[in-house]
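Top to bottom, those sequences are chains D and E. Numbered by the UniProt record's numbering, the letters in the first sequence go through residues 1 to 327 in order. Numbered by the UniProt record's numbering, the letters in the second sequence go through residues 1 to 327 in order. Cβ coordinates follow ideal geometry from the N, Cα and C atoms, glycine included. Here the structure is a predicted model, which is why all the values come from computation and not from measurement. Written out below as structure tokens is the structure these notes cover.
2 protein chains.
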Amino acid sequence: MKRIVSAIEVARLANVSQSTVSRVFTPGASVSEKTRQRVLEVAEQLNYQPNALARSLITKRTNMIGLAMKDIQNPFYHEVLGIFTNKLKAKGYSVLFVYTENEEIQQEEINHFLEYNVEGIIITDAMLSSNIVTKLKNNHIPVTLFNRYDKNLECNSVSCDNINAANEIAKYVDHLYCEKIVFITGKINTSTSQERQEGFVNYFKNKGIPVEILEGDYTYERAFFLTKELIEKDYVPDVIFGANDITALGALDALKSKEIKVPEQTMVIGFDDIKMSSWPNYNLSTWVQPIEEMVDETIRLLERNQRETGHKTVKVQGKFIHRQTTK
Amino acid sequence: MKRIVSAIEVARLANVSQSTVSRVFTPGASVSEKTRQRVLEVAEQLNYQPNALARSLITKRTNMIGLAMKDIQNPFYHEVLGIFTNKLKAKGYSVLFVYTENEEIQQEEINHFLEYNVEGIIITDAMLSSNIVTKLKNNHIPVTLFNRYDKNLECNSVSCDNINAANEIAKYVDHLYCEKIVFITGKINTSTSQERQEGFVNYFKNKGIPVEILEGDYTYERAFFLTKELIEKDYVPDVIFGANDITALGALDALKSKEIKVPEQTMVIGFDDIKMSSWPNYNLSTWVQPIEEMVDETIRLLERNQRETGHKTVKVQGKFIHRQTTK
DNA sequence: CTGAAAGCGCTTACAG
DNA sequence: CTGAAAGCGCTTACAG
Numbered sequence: 001m002k003r004i005v006s007a008i009e010v011a012r013l014a015n016v017s018q019s020t021v022s023r024v025f026t027p028g029a030s031v032s033e034k035t036r037q038r039v040l041e042v043a044e045q046l047n048y049q050p051n052a053l054a055r056s057l058i059t060k061r062t063n064m065i066g067l068a069m070k071d072i073q074n075p076f077y078h079e080v081l082g083i084f085t086n087k088l089k090a091k092g093y094s095v096l097f098v099y100t101e102n103e104e105i106q107q108e109e110i111n112h113f114l115e116y117n118v119e120g121i122i123i124t125d126a127m128l129s130s131n132i133v134t135k136l137k138n139n140h141i142p143v144t145l146f147n148r149y150d151k152n153l154e155c156n157s158v159s160c161d162n163i164n165a166a167n168e169i170a171k172y173v174d175h176l177y178c179e180k181i182v183f184i185t186g187k188i189n190t191s192t193s194q195e196r197q198e199g200f201v202n203y204f205k206n207k208g209i210p211v212e213i214l215e216g217d218y219t220y221e222r223a224f225f226l227t228k229e230l231i232e233k234d235y236v237p238d239v240i241f242g243a244n245d246i247t248a249l250g251a252l253d254a255l256k257s258k259e260i261k262v263p264e265q266t267m268v269i270g271f272d273d274i275k276m277s278s279w280p281n282y283n284l285s286t287w288v289q290p291i292e293e294m295v296d297e298t299i300r301l302l303e304r305n306q307r308e309t310g311h312k313t314v315k316v317q318g319k320f321i322h323r324q325t326t327k
Numbered sequence: 001m002k003r004i005v006s007a008i009e010v011a012r013l014a015n016v017s018q019s020t021v022s023r024v025f026t027p028g029a030s031v032s033e034k035t036r037q038r039v040l041e042v043a044e045q046l047n048y049q050p051n052a053l054a055r056s057l058i059t060k061r062t063n064m065i066g067l068a069m070k071d072i073q074n075p076f077y078h079e080v081l082g083i084f085t086n087k088l089k090a091k092g093y094s095v096l097f098v099y100t101e102n103e104e105i106q107q108e109e110i111n112h113f114l115e116y117n118v119e120g121i122i123i124t125d126a127m128l129s130s131n132i133v134t135k136l137k138n139n140h141i142p143v144t145l146f147n148r149y150d151k152n153l154e155c156n157s158v159s160c161d162n163i164n165a166a167n168e169i170a171k172y173v174d175h176l177y178c179e180k181i182v183f184i185t186g187k188i189n190t191s192t193s194q195e196r197q198e199g200f201v202n203y204f205k206n207k208g209i210p211v212e213i214l215e216g217d218y219t220y221e222r223a224f225f226l227t228k229e230l231i232e233k234d235y236v237p238d239v240i241f242g243a244n245d246i247t248a249l250g251a252l253d254a255l256k257s258k259e260i261k262v263p264e265q266t267m268v269i270g271f272d273d274i275k276m277s278s279w280p281n282y283n284l285s286t287w288v289q290p291i292e293e294m295v296d297e298t299i300r301l302l303e304r305n306q307r308e309t310g311h312k313t314v315k316v317q318g319k320f321i322h323r324q325t326t327k
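Listed below in structure tokens is the structure:
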């Protein structure tokens, strides 16, 4: 049904060899201007387009990057996705996209990437087993974890310096003389939630100030419920720090529904700076993850691995942005 | 640097021909159980994986679908993306993902898909020029517009029956005895906004009731601004119908910021039923687009075109869901 | 600057 | 059930 026009047909019509047609479509190859024009004309007329698959087979370069993503729920990752595809496109890569439902990427999804010979894999918001990392290493295909980190995994990782960020937030909260301090975690098995908790709680531990830890799961609904429950138990915190913005937004809405004044009675702080956080109705104070920078670093690590082996861990800083939910 | 293990190497080690190795990895091909086991073992040991590129070259099937998406801002499309990739994966397709910044998909993006010989293209939340549609038709590659429609374009289209939906909403509003009725449009050059406006406005036109049209652009910010402006001019509508949920949410927040009681003073209705609309703090009444059904239809149309030519337009119905922003 | 030829890693008639 | 061989559409030394 579908007939692919090949270089041979163009060659015949243009009265050149197939090699010459190929050269016309290979940047940098030497072809006389006259020949080039003729070939281009015929190609246009025949609707010819070089077959990337055949080309990849011989050049061993596919220009494809596998991108796996979880948690399509969190708007943060949509921004991430948009930036990744744009930057990757600008560098001439295509994106093979996989949406995964598990916290850990499955063998099946990785096989998929391998079959297509992707030149690199980016995993956002999910983890890999060390088995898979090893397998990938054997196949010499570089992997970068985006916004996740595991010191036992021998692969690249790019994330925010969560510990330091949470520490800064704690410092900020502390200078506001808060006593009743609440941290709502994200999914507790994620490095992001663990690190943010560590940075936040440790600061106060050193000062002998207790922090109430509530186990969330990075969803709005859970944070809403937890906060509501808190208020119903007559516990009105001075500040709630949510492990991400969605969490903080859930807490914020629960506070509002209970008619707690923000920031007067309770302050709320998030993490990510998703678009919604700056909506007039929320105006959430939060930690800005520098997505662009993180994406750039991720791509840089991947490209670096095309020349040399080994893996690197990159932590970017980001910054606190003060809006209306903190004093 | 990267060395691909080929079927030849497996064949040598397993003491069979390369053809046999190939057969082991071709479902339905006849191989003796004994041979199969031996080959599988060696393959495992060598970390062998059939090369999808080489396979595609000869079978003329790539199992790749090109998915182009705009407006990564609207959460509706994230849900769409998640469902598409899952359903496509379940059918054995890979997704080549492109994020586009223009309302109209560019030639460049399409070329990209063509080079990789995708078996079908899905365009969500964006349009195509008729030029490109023609080119695609010449290349026999089926296209389906998702949530967009243009009667002049000779390609498949799947969308909600927006006219009827908006008509139903109008009917609902009407039985509540509203007089001051506002419609906030989306991007005015989109079929979705146009159709929703048509269905809504025509109903009232027939009754001689005027509808105030405000030109939005499918963003929260714009809707917030327009609504705020309205209230500041002392015009408090009985109902605001936003062309999508994000628009309605912007209007809703503006109303709240002006301390207008919802739904008592002003009712608000959206379209899409994104996750946020059911957040406790919003509880937006809206029209549910049946995404799953729409995605299924889209894939069905694409697969249909592998057997027969021609194009179809599918309209699904969806339903109104009453929450707290309407009486 | 250009052509003939080898080869990338597969599938699939064809023959046995 | 299995192997030898042709061929998918390209790139790229090699030779001229």
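Asked: Got a sec: which bits of the stretch 308-320 of chain E sit with their beta carbon under 8 angstroms from any beta carbon on chain D, in order along the chain?; Found: none
Asked: For residue 289 of chain E, is the classification buried or exposed, using 16 other Cβ atoms within 10 angstroms of its Cβ as the cut-off for buried?; Found: buried
Asked: Within a Cβ cutoff of 7 angstroms, which residues of the same chain sit near residue 9 of chain E, ignoring the five residues on either side of it in sequence?; Found: 46
Asked: Quick check on DSSP: helix, strand or coil for residue 25 of chain D?; Found: coil
Asked: Straight-line CA distance for residue 235 of chain E to residue 241 of chain E?; Found: 15 angstroms
Asked: If you run the structure through DSSP and keep just helix, strand and coil, what is residue 315 of chain E?; Found: strand
Asked: Would you identify the three-state DSSP class for residue 173 of chain D, choosing helix, strand or coil?; Found: helix
Asked: Rounded to a whole number of angstroms, what is the C-alpha to C-alpha distance between residue 276 of chain E and residue 39 of chain E?; Found: 52 angstroms
Asked: Run through chain E and tell me which residues come within less than 7 angstroms of residue 220 of chain D, C-beta to C-beta.; Found: 279
Asked: By the 10 Å Cβ neighbour count, where 16 or more other Cβ atoms means buried, how is residue 177 of chain E classified, buried or exposed?; Found: exposed
Asked: Using alpha carbons as the reference points, say which of E:216, E:274 and E:37 lies closest to residue 75 of chain E.; Found: E:274
Asked: Please list, in chain order, all residues of the same chain as residue 93 of chain E whose beta carbon is under 8 angstroms from its beta carbon, the five residues on each side excluded.; Found: 63, 64, 65 and 119
Asked: Examine chain E for any beta-carbon lying closer than 9 angstroms to the beta-carbon of residue 102 of chain D, and answer yes or no.; Found: no
Asked: Work out the CA separation of residue 4 of chain D and residue 330 of chain E for me, nearest whole Å.; Found: Lying outside 1 to 327, the shown extent of chain E, residue 330 of chain E is not represented and no answer is given.
Asked: Are residue 172 of chain D and residue 81 of chain E closer than 9 angstroms when you measure CB to CB?; Found: no
Asked: Does the distance from the CB of residue 141 of chain E to the CB of residue 113 of chain E come in under 9 angstroms?; Found: yes
Asked: Short of 7 angstroms in beta carbon distance, which residues of its chain neighbour residue 1 of chain E, apart from the five on each side in sequence? Order them along the chain.; Found: Here the model assigns residue 1 of chain E a pLDDT of 43, short of 50, so the residue's position is not dependable and the matter cannot be decided.
Asked: I'd like to know if residue 129 of chain E contacts chain D, where contact means its C-beta is closer than 9 angstroms to some C-beta of that chain.; Found: no
Asked: Do residue 329 of chain D and residue 251 of chain D have their C-beta atoms within less than 9 angstroms of each other?; Found: Residue coverage of chain D in this structure runs from 1 to 327, which leaves residue 329 of chain D outside it and unanswerable.
Asked: Count the other CB atoms, across all protein chains shown, that sit within 10 Å of the CB of residue 263 of chain D; report buried if there are 16 or more and exposed otherwise.; Found: buried
Asked: If we define contact as Cβ-Cβ less than 9 angstroms, is residue 185 of chain E a contact residue for chain D?; Found: no
Asked: Under 9 angstroms, Cβ to Cβ, is there at least one residue of chain D near residue 111 of chain E?; Found: yes
Asked: I believe residue 22 of chain E touches residue 53 of chain D by the beta-carbon criterion, under 8 angstroms. Please report the beta-carbon distance rounded to the nearest angstrom.; Found: Their Cβ separation, rounded to whole angstroms, is 17 angstroms, which puts residue 22 of chain E and residue 53 of chain D out of contact at 8 angstroms.
Asked: In whole angstroms, what separates the C-alpha of residue 6 of chain D from that of residue 291 of chain D?; Found: 42 angstroms
Asked: What residues match up with residue 145 of chain E in a beta bridge as DSSP calls it?; Found: E:123 and E:157
Asked: Given residue 212 of chain D, which residues of its chain have a CB within under 6 angstroms of its CB, disregarding the five upstream and five downstream residues?; Found: 182
Asked: Is residue 70 of chain D closer than 9 angstroms to residue 144 of chain D when the C-beta atoms are compared?; Found: no
Asked: Is there a Cβ of chain D sitting closer than 9 angstroms to that of residue 40 of chain E, yes or no?; Found: no
Asked: What residues in the UniProt domain "HTH lacI-type" (5-59) of chain D have a beta carbon less than 7 angstroms from any beta carbon of chain E?; Found: 47, 49, 50, 51, 52, 53, 54, 56 and 57
Asked: Where do the ends of the beta strand (DSSP E) carrying residue 39 of chain E lie?; Found: Counting along the chain, residue 39 of chain E falls outside any beta strand (DSSP E), though it belongs to the alpha helix (DSSP H) covering 33-46.
Asked: Less than 8 angstroms between the CB atoms is what I'm expecting for residue 117 of chain D and residue 51 of chain E, so what's the real figure, rounded?; Found: 7 angstroms
Asked: With a cut-off of 8 angstroms on the beta carbons, I'd call residue 153 of chain E and residue 128 of chain E a contact; round off their distance for me.; Found: 7 angstroms
Asked: Grab me the residues of residue 13 of chain E's own chain with a C-beta within less than 6 angstroms of its C-beta, minus the 5 sequence neighbours each way, in chain order.; Found: 42
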